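Asker: Chains as they are written, first to last, in our numbering: chain A, 11 to 353; chain B, 105 to 204.
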Amino acid sequence: MSKQYIKSWVDTNAGKVPVITGELDFQDKLGALRVRLSILRMSYMVSPGLYAIGNPNRESTVFVSANFKLSFDMLRRELKDIDTWILVLDTKGINVWCAAGKGMFGTQELVTRIKATDLEKIVNHRKLIVPQLGATGISAHEVKKLSGFSVIFGPVRVMDIPAFLNAGLKATQEMRRVNFTFYDRFVLIPVEIVGGVKYLLFITALFYLLSGLNRNGYSDSITLNYGSRSIINLLFVYIGGTVAGPLLLPWLHGRSFAMKGFSAGLVFFVILYFLKLTGRSVMEIISWVLIIPAVSSFILLNFTGASTYTSISGVRKEMRIAIPLQAAAVVAGLVIWIISRFV
Amino acid sequence: MKKLRYLKNVVTLNYHSNKCTGCGMCAIVCPHSVFEMKDRKAAIVDRDACMECGACALNCEPNAISVNSGVGCAAGILNGIIRGTEPECDCSGNSKKSCC
Chain A
11 MSKQYIKSWV DTNAGKVPVI TGELDFQDKL GALRVRLSIL RMSYMVSPGL
61 YAIGNPNRES TVFVSANFKL SFDMLRRELK DIDTWILVLD TKGINVWCAA
111 GKGMFGTQEL VTRIKATDLE KIVNHRKLIV PQLGATGISA HEVKKLSGFS
161 VIFGPVRVMD IPAFLNAGLK ATQEMRRVNF TFYDRFVLIP VEIVGGVKYL
211 LFITALFYLL SGLNRNGYSD SITLNYGSRS IINLLFVYIG GTVAGPLLLP
261 WLHGRSFAMK GFSAGLVFFV ILYFLKLTGR SVMEIISWVL IIPAVSSFIL
311 LNFTGASTYT SISGVRKEMR IAIPLQAAAV VAGLVIWIIS RFV
Chain B
105 MKKLRYLKNV VTLNYHSNKC TGCGMCAIVC PHSVFEMKDR KAAIVDRDAC
155 MECGACALNC EPNAISVNSG VGCAAGILNG IIRGTEPECD CSGNSKKSCC
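#1: Distance cutoff 8 Å, beta carbons only. Does Lys137 (chain A) sit that close to anything in chain B?
#2: I want to check one thing, is the minimum distance from the CB of Ser57 (chain A) to the heavy atoms of the ligand ATP below 7 Å?
#3: State the start and end residues of the unbroken beta strand (DSSP E) segment that holds Phe163 (chain A).
#4: Closer than 7 Å, Cβ to Cβ, to anything on chain B: give me those residues from the segment 116-127 of chain A, in chain order.
#5: Under 7 Å between beta-carbons, which chain A residues line up against Gly174 (chain B)? List them in chain order, please.
#6: Leaving out five residues on either side along the sequence, give the residues of the same chain with a beta carbon under 6 Å from the beta carbon of Lys123 (chain B).
#7: Taking the alpha-carbon of Val72 (chain A) as reference, which of A:Thr127, A:Leu220, A:Arg46 has the nearest alpha-carbon?
#8: Along the segment 121-137 of chain B, where does the CB come closer than 7 Å to a CB of chain A? Name the residues.
#9: With 8 Å set as the bound, which would you pick, yes or no: does the beta-carbon of Thr189 (chain B) sit closer than that to a beta-carbon of chain A?
#10: What is the C-beta distance between Ser306 (chain A) and Val201 (chain A), in whole angstroms, given that I count them as a contact (C-beta under 8 Å)?
#11: Beta-carbon separation of Thr252 (chain A) and Gly315 (chain A) under 8 Å?
#12: Straight-line CA distance for Gly176 (chain B) to Thr318 (chain A)?
#13: Which residues, in order along the segment 302-329 of chain A, keep a beta-carbon less than 9 Å from a beta-carbon of chain B?
#14: Decide if Gly144 (chain A) is buried, meaning its Cβ has at least 16 other Cβ atoms within 10 Å, or exposed.
#15: Report all residues from its chain with a CB closer than 7 Å to the CB of Gly158 (chain A); omit the five preceding and five following residues, and keep chain order.
#16: What is the DSSP secondary structure of Ala146 (chain B), counted as helix, strand or coil?
#17: State buried or exposed for Lys125 (chain A), treating a residue as buried only when at least 16 other CB atoms are found within 10 Å of its CB.
#18: Answer yes or no: do Met141 (chain B) and Cys164 (chain B) have a C-beta to C-beta separation smaller than 8 Å?
#19: Are at least three pairs of beta-carbons, each pair with one atom in the segment 234-253 of chain A and one in the segment 73-81 of chain A, less than 8 Å apart?
#20: Could you name the residues of chain B that Val29 (chain A) contacts, counting a contact when the two beta carbons are closer than 7 Å?
#21: If you measure beta-carbon to beta-carbon, which residues of the segment 105-116 of chain B are closer than 8 Å to chain A?
#22: Please name the residues in the segment 142-163 of chain A whose beta-carbon is closer than 7 Å to at least one beta-carbon of chain B, in chain order.
#23: Leu311 (chain A) and Ala178 (chain B) - do their beta-carbons sit closer together than 8 Å?
#24: List the endpoints of the continuous alpha helix (DSSP H) containing Val204 (chain A).
#25: Ignore the nearest five residues each way along the sequence and tell me which others in Cys154 (chain B)'s own chain have a CB closer than 6 Å to its CB.
#26: Starting from Ala178 (chain B), find everything on chain A with Cβ-Cβ shorter than 7 Å and list it in chain order.
#27: Would you verify that the beta carbon of Gly197 (chain B) is, or is not, closer than 8 Å to some beta carbon of chain A?
#28: Between the segment 213-222 of chain A and the segment 238-249 of chain A, are three or more C-beta pairs nearer than 8 Å?
#29: Using a C-beta to C-beta distance shorter than 9 Å, which residues of chain B count as neighbours of Ser75 (chain A)?
#30: Closer than 8 Å is the cut-off here; do at least three beta carbon pairs connect the segment 89-100 of chain A with the segment 55-64 of chain A?
#31: What is the rounded straight-line gap between the Cα of Ile148 (chain B) and the Cα of Tyr119 (chain B)?
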């Protein structure tokens with residue numbers, strides 16, 4: 011990846027430090043779009059180390075960030091009019107919160123990076139602004155003990171940094187809170203759609219091939235009719251579960267994601283029923299009423315990983331109940347669906 | 105806007121107020137305002153909002169807080185069960201899969 015964001019170099023007591031621009035160019039914006047659309051997501055990174063924005067001196071603030079380029083770009087854009095230092099940790103191209111959960115954006119990495127960049131020689135003060143969501147991996151009192159630097163946890167969102175600085179490094183309750191707004195959920199959709207595509211292809215292919223079965227053997231013309239219908243149903247549930255599910259999350263019934271997915275799935279079934287896509291035979295209709303809500307329930311259960319408020323204990327609890335039910339419904343539905351081909 | 109709330113009475117968050125020194129770090133790091141400072145001590149004000157991220161416990165110097173933290177992610181938990189490891193979402197540096 012070219013480093014077009016580096017504009018010059020500045021001399022410090024610890025050697026040359028790259029000066030970066032806070033202006034995002036076309037390439038940065040294209041890269042962000044690429045990552046949002048889930049294309050080559052895992053190789054979007056910058057080199058760890060210290061960077062300068064503007065003309066920082068020995069008293070300037072030091073912000074800590076991850077080496078996921080999207081995180082880095084959002085931070086430098088927000089800091090473009092401030093003379094400051096950015097210390098980028100090696101998180102293998104993963105964002106702050108996820109990397110902190112794994113300990114990669116962690117106490118040890120921060121302490122190592124402080125030493126590796128000779129930060130002590132570059133600034134006189136001993137303060138670091140760390141994004142609040144990094145606190146899952148960074149222990150402020152441990153960092154102080156190991157490096158002498160005090161960690162000040164900044165706001166959750168970069169857009170609140172100017173207000174945080176103006177308030178004398180104080181964040182309001184609102185700046186400390188993680189939300190899961192309509193927009194937050196909206197930007198996750200491409201990744202959700204791409205995430206399960208290989209399973210979708212496998213299952214639709216299976217249904218398509220099986221749909222040719224009938225009491226006279228195997229028929230290609232029936233495959234075209236019944237098979238296409240099955241594919242439409244499965245595609246509808248998939249798009250419903252990965253697009254409508256996340257968007258309508260607060261309005262779906264229940265607290266459990268599996269329940270939310272199940273209730274959405276019932277609606278999907280009703281829509282498909284009235285579009286005459288669930289077949290004419292009672293058996294085929296029963297098979298779809300078993301399959302569609304179960305698949306939708308499973309897709310939404312998977313959305314727990316992208317959400318910002320589910321606990322591991324809660325997800326475990328709902329999985330223990332939901333996964334056996336989902337599996338049983340899909341297997342029963344599939345068996346009934348196959349039988350319906352022969353009666 | 106309807107508020108999103110997860111399951112009730114399920115989190116493993118534990119807090120021993122007798123060990124609390126009143127530094128206020130838990131209230132600062134919590135992304136769901138589970139803690140508040142009352143009379144120079146931390147208090148749990150919204151236990152069910154806890155997502156078990158572990159930031160409070162990690163930043164509590166006197167060890168007054170404990171929580172079994174981990175990823176609240178069904179795919180991660182399934183991965184852990186299949187591989188026989190700790191639950192982890194599939195986004196280590198080498199993986200080409202998307203993450204979180």
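For each residue, glycine too, the CB sits at the ideal point set by N, CA and C.
Model, not experiment: these values are computed from the prediction.
Answerer: Taking the structure as given:
#1: Not an interface residue.
#2: For the structure depicted, the ligand ATP is absent and the ligand set is empty, with no information on it obtainable.
#3: Following the DSSP letters along the chain, one finds Phe163 (chain A) inside the beta strand (DSSP E) bounded by residues 160-164.
#4: Along the segment 116-127 of chain A, none of the residues has a CB nearer than 7 Å to a CB of chain B.
#5: What Gly174 (chain B) touches in chain A, judged by beta-carbon distance under 7 Å, is Ile322, going in chain order.
#6: For Lys123 (chain B), where only same-chain residues beyond five positions count, the Cβ hits under 6 Å are Pro166, Ala168.
#7: Relative to the Cα of Val72 (chain A), the nearest Cα in the group A:Thr127, A:Leu220, A:Arg46 belongs to A:Thr127.
#8: Listed by position, the residues of the segment 121-137 of chain B near chain A (Cβ gap below 7 Å) are Met129, Ile132, Val133, Pro135, His136, Ser137.
#9: No, its Cβ sits nowhere closer than 8 Å to a Cβ of chain A.
#10: For a cut-off of 8 Å, the C-beta gap from Ser306 (chain A) to Val201 (chain A) is around 18 Å, too long to register as a contact.
#11: In terms of Cβ geometry, Thr252 (chain A) and Gly315 (chain A) do not form a close pair [threshold 8 Å].
#12: Near 9 Å, if we compare the C-alpha coordinates of Thr318 (chain A) and Gly176 (chain B).
#13: Within the segment 302-329 of chain A, the qualifying residues are Phe308, Leu311, Asn312, Phe313, Thr314, Gly315, Ala316, Ser317, Thr318, Tyr319, Thr320, Ser321, Ile322, Ser323, Gly324, Val325, Arg326, Lys327, Glu328, Met329.
#14: Around the CB of Gly144 (chain A), 16 or more other CB atoms lie within 10 Å, so the residue is classed as buried.
#15: Cβ neighbours of Gly158 (chain A) within its own chain (closer than 7 Å, five residues either side excluded): Arg136.
#16: Here Ala146 (chain B) carries a strand assignment [DSSP, helix/strand/coil].
#17: When all chains shown are included, Lys125 (chain A) counts as exposed.
#18: 8 Å or more divides the Cβ of Met141 (chain B) from the Cβ of Cys164 (chain B).
#19: Contact annotation: the segment 234-253 of chain A does not touch the segment 73-81 of chain A, with fewer than three C-beta pairs closer than 8 Å.
#20: Those within 7 Å of Val29 (chain A) in chain B number zero; the least Cβ separation is about 28 Å.
#21: For the segment 105-116 of chain B, which is checked against every Cβ of chain A, the residues closer than 8 Å are Met105, Lys106, Lys107, Leu108, Arg109, Tyr110, Leu111, Lys112, Val114, Val115, Thr116.
#22: Within the segment 142-163 of chain A, the residues whose Cβ lies closer than 7 Å to some Cβ of chain B are Gln142, Leu143, Ala145, Thr146, Ser149, Ala150, His151, Phe163, listed in chain order.
#23: For the 8 Å CB-CB criterion, Ala178 (chain B) and Leu311 (chain A) form a contact.
#24: Looking at the DSSP string, the run of the alpha helix (DSSP H) that includes Val204 (chain A) is 199-205.
#25: Excluding sequence neighbours, Cys154 (chain B) sits near Val115, Leu117, Val138.
#26: Close to Ala178 (chain B), with beta-carbon spacing below 7 Å, are these residues of chain A in chain order: Leu311, Asn312, Thr314, Gly315, Val325, Met329.
#27: With a pLDDT of 37 at Gly197 (chain B), under the threshold of 50, the modelled position of this residue cannot be trusted; read the value that follows with caution. Proximity of Gly197 (chain B) to chain A, defined by a Cβ-Cβ separation below 8 Å, is satisfied.
#28: The answer is yes - the segment 238-249 of chain A touches the segment 213-222 of chain A, with three or more Cβ pairs under 8 Å.
#29: What Ser75 (chain A) touches in chain B, judged by beta-carbon distance under 9 Å, is nothing: the nearest beta carbon there is about 17 Å away.
#30: Remark: three or more beta-carbon pairs, one from each stretch, lie closer than 8 Å, so the segment 89-100 of chain A and the segment 55-64 of chain A are flagged as touching.
#31: The alpha-carbon atoms of Ile148 (chain B) and Tyr119 (chain B) are separated by roughly 8 Å.
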